[in-house]
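There are 2 protein chains.
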Amino acid sequence: MITKEQQKTAQKRAADMIRASGIQITDEEAHGIEVVDFGLSSLEKEGVQVLTLVQTDRVSIKVLVLFPNQTEPEHWHPPVGEDPGKEETIRVISGTVYFYIPGKSTFSKGFMVDGKDNYYTMRNEVVMKPCDQITLQPGEKHWFQARDDGAVMYSFSTIARDALDQFSDPNIERITKIFDE
Amino acid sequence: MITKEQQKTAQKRAADMIRASGIQITDEEAHGIEVVDFGLSSLEKEGVQVLTLVQTDRVSIKVLVLFPNQTEPEHWHPPVGEDPGKEETIRVISGTVYFYIPGKSTFSKGFMVDGKDNYYTMRNEVVMKPCDQITLQPGEKHWFQARDDGAVMYSFSTIARDALDQFSDPNIERITKIFDE
């Protein structure tokens, strides 16, 4: 969980990074940025900030922000009814993103989240710079990380059903609880 | 049809407008910009420039460029097999876009392409500025236009099958012929 104050601070920080990357957003969009701590209450270490631009029954367009040295935990998009699961293309806009997908271990430039080796099992490393893209098939496990410069990305995908995403870490809850202090 | 020289000039002009709008693209992407004259051989009047960033079996992401006072002709996205047709969200990045969709006539700020009244039948006007979005359902007729400042937009959609798009103007051919002079 995070406090309302943490949420507000993270929203502002993410909006500033989005705008600095060249992506224009409205103030209303900035105030709607979702701050996700995955129920781990350690936002700066494991978390992501998400601005949803488009959400229909068929397409989802998001801007994702990673603060410096923040990691989005390993997860995958399972089938839902007749949908084979979310197909997602990530395009980096600013910063460097360390992306981990299935394949042989080439882990070298990213860092492991302290004591979480068991929950970050994909070790095939793809280092992505601005304009680099990667497409994830439904069910493909992935996690990603920013280093000191943080990162801003687009996520272009089929319908997103975030609440149904599955995570390697059993302690994760996808929906972040916000509380008043 | 257009000449190779026209194509090259239009690609460069479109790439410059895309970059000036804040969207970063690679040189390879810039060289892949599709210059579309709709077979009308009057690119500056009726045409569009298209950079495809993502094209999978489920999602299509494009950057669309309209030069100053260029109009993309009225068209719609028909059903294809079990697909109900392309659903498309346009988000304006730079410039003002005059968008025409079904509904009562409110045509006032755009201009009619000379002698083409019969081929531009949608007259419900939506004036769109940067960060404005519109979602078009499958089969919904639409056309759009830039004035003196030109325009850059994202098109976020389900799978694009451009060659199957349908146009009000029977003279249109979606695939542009490029020839060496």
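Chains G and R, in that order, are what the protein sequence lines are. Per the numbering used here, residue 5 is the first one in the first sequence, and the count goes up by one each step. Per the numbering used here, residue 5 is the first one in the second sequence, and the count goes up by one each step. Beta carbons are placed, not taken as given, at the ideal position from N, Cα and C, and that holds for glycine. Owing to the predicted nature of the structure, the values given are computational and were not obtained by experimental measurement.
Review point. Which whole runs of the beta strand (DSSP E) in the stretch 56–120 of chain G are 3 residues long or more, in chain order?
Key: 63–70, 75–80, 92–105
Check your understanding: chain R beta carbons: is any one of them nearer than 9 Å to that of G/T13?
Key -> Within the first sequence, the letter at position 9 stands for residue 13 of chain G. Answer no: the Cβ-Cβ gap between G/T13 and chain R never drops below 9 Å.
**Study point:** Neighbouring residues, chain R, relative to G/I37 (Cβ below 7 Å)
**Key:** Position 33 of the first sequence, counting from 1, holds the residue named residue 37 of chain G. Near G/I37 there are no residues of chain R at all, since even the closest Cβ is about 15 Å away, more than 7 Å.
Practice item. Note down, in chain order, every chain R residue with its Cβ under 8 Å from the Cβ of G/F103. Key: Here residue 103 of chain G is taken as the residue at index 99 of the first sequence, counted from 1. In chain order: nothing, as chain R lies at least about 16 Å away.
Exercise for review: Could you check what DSSP says for R/N128 in three-state terms: helix, strand or coil?
Suggested key: One-based indexing of the second sequence puts residue 128 of chain R at position 124. Three-state result, R/N128: strand.
Exercise for review: Can you grab the Cα-Cα spacing for the pair R/M5 / R/G99, in whole Å?
Suggested key: One-based indexing of the second sequence puts residue 5 of chain R at position 1. One-based indexing of the second sequence puts residue 99 of chain R at position 95. Rounded to whole angstroms, R/M5 to R/G99 spans 27 Å at the Cα level.
Exercise for review: Report the neighbours of R/G26 on chain G: residues whose CB is nearer than 9 Å to its CB, in chain order.
Suggested key: As a working note, residue 26 of chain R is residue 22 in the second sequence. Chain G residues near R/G26: S25, G26, I27, Q28.
**Study point:** Limits of the unbroken alpha helix (DSSP H) element including R/A34
**Key:** Within the second sequence, residue 34 of chain R is the residue found at index 30, counting from 1. It spans 31–35 - the alpha helix (DSSP H) in which R/A34 sits, taken as one unbroken run.
Point to revise | Local conformation of R/D20 per DSSP, three classes | key: Residue 20 of chain R sits at position 16 when you count from the first residue of the second sequence. In this structure, R/D20 counts as helix in the three-state DSSP scheme.
**Study point:** Range covered by the beta strand (DSSP E) that runs through R/T180
**Key:** Taking the second sequence and counting its residues from 1, the one referred to as residue 180 of chain R is at position 176. Unbroken run through R/T180: none, as it is neither H nor E.
Check your understanding: How would you list, in chain order, the residues of chain G whose beta-carbon sits under 8 Å from the beta-carbon of R/T139?
Key -> Here residue 139 of chain R refers to the residue found at position 135 when the second sequence is read from its first residue. Chain G residues near R/T139: V58, T60.
Exercise for review: Mind checking which residues open and close the beta strand (DSSP E) that includes G/E38?
Suggested key: What you label residue 38 of chain G is simply residue 34 of the first sequence in a count that begins at 1. That run of the beta strand (DSSP E) goes 38–40.
Practice item. May I ask you to report which of helix, strand or coil DSSP gives G/E9? Key: For this step, residue 9 of chain G is matched to residue 5 along the first sequence. G/E9: helix per DSSP, three-state reduction.
**Study point:** Sheet register partners of R/E50 (DSSP bridge)
**Key:** As a working note, residue 50 of chain R is residue 46 in the second sequence. According to DSSP, which records beta bridges pairwise, R/E50 is partnered with R/T75.
Review point. Is the beta carbon of R/V58 less than 9 Å from the beta carbon of G/Q28?
Key: In the second sequence, residue 58 of chain R corresponds to position 54, counting from 1. In the first sequence, residue 28 of chain G corresponds to position 24, counting from 1. Not in contact: R/V58 and G/Q28 (Cβ atoms no closer than 9 Å).
Point to revise | Per-residue DSSP class, three states only, for G/Q15 | key: The sequence position of residue 15 of chain G within the first sequence is 11, counting from 1. Helix at G/Q15.
Check your understanding: Of the residues R/V67, R/G36, R/K90, R/V131, which one's Cα is nearest the Cα of R/S112?
Key -> Translated into positions along the second sequence, residue 112 of chain R becomes position 108. The candidate whose alpha carbon is nearest that of R/S112 is R/V131.
Practice item. Could you run through the stretch 106–140 of chain G and flag, in chain order, every residue whose CB is less than 8 Å away from some CB of chain R? Key: P134, C135, Q137, T139
Check your understanding: When DSSP labels each residue in this structure, what does G/A167 get in the three-state scheme?
Key -> For this step, residue 167 of chain G is matched to residue 163 along the first sequence. Of the three classes helix, strand and coil, the one that applies to G/A167 here is helix, per DSSP.
Point to revise | Beta-carbon spacing of R/A24, R/I37 below 9 Å | key: Within the second sequence, numbered from 1, the residue matching residue 24 of chain R stands at position 20. Within the second sequence, numbered from 1, the residue matching residue 37 of chain R stands at position 33. Contact flag unset, no.
Check your understanding: Hey, does R/F160 have any beta-carbon neighbour from chain G nearer than 9 Å?
Key -> The residue you call residue 160 of chain R lines up with position 156 of the second sequence. Yes, R/F160 lies at the interface with chain G (some Cβ there is under 9 Å from its Cβ).
Review point. How would you list, in chain order, the residues of chain G whose beta-carbon sits under 9 Å from the beta-carbon of R/E91?
Key: Here residue 91 of chain R is taken as the residue at index 87 of the second sequence, counted from 1. Neighbours of R/E91 on chain G, chain order: T60, D61, R62, V63.
Point to revise | Pairwise C-alpha distance: G/Q11 and G/Q149 | key: In the first sequence, residue 149 of chain G corresponds to position 145, counting from 1. In the first sequence, residue 11 of chain G corresponds to position 7, counting from 1. In a straight line, the C-alpha of G/Q149 is about 20 Å away from that of G/Q11.
Practice item. Using a Cβ cut-off of 7 Å, pull out every chain G residue sitting near R/R95, in sequence order please. Key: Position 91 of the second sequence, counted from the first residue, corresponds to residue 95 of chain R. By Cβ distance, chain G contributes L57.
Review point. Are the beta-carbon atoms belonging to G/T75 and G/E50 less than 9 Å from one another?
Key: Position 71 of the first sequence, counted from the start, is the residue given in the question as residue 75 of chain G. Position 46 of the first sequence, counted from the start, is the residue given in the question as residue 50 of chain G. Yes, the Cβ-Cβ distance between G/T75 and G/E50 is below 9 Å.
Practice item. Let me know if G/I193 comes out buried or exposed under the rule of 16 or more other beta-carbons within 10 Å of its beta-carbon. Key: It is not possible to answer for residue 193 of chain G, since the shown part of chain G is limited to 5 through 185.
Point to revise | For G/Y158: DSSP bridge partner residues | key: As a first step, residue 158 of chain G is located in the first sequence; it is residue number 154 there, counting from the start. Paired residue(s): G/V67, G/R95.
Exercise for review: Kindly indicate the opening and closing residues of the beta strand (DSSP E) around R/I138.
Suggested key: Numbered from its first residue, the second sequence carries residue 138 of chain R at position 134. Unbroken beta strand (DSSP E) run through R/I138: 137–140.
Check your understanding: Name the DSSP bridge partner or partners of G/Q149?
Key -> Here residue 149 of chain G refers to the residue found at position 145 when the first sequence is read from its first residue. Per DSSP, G/T75, G/Y102.
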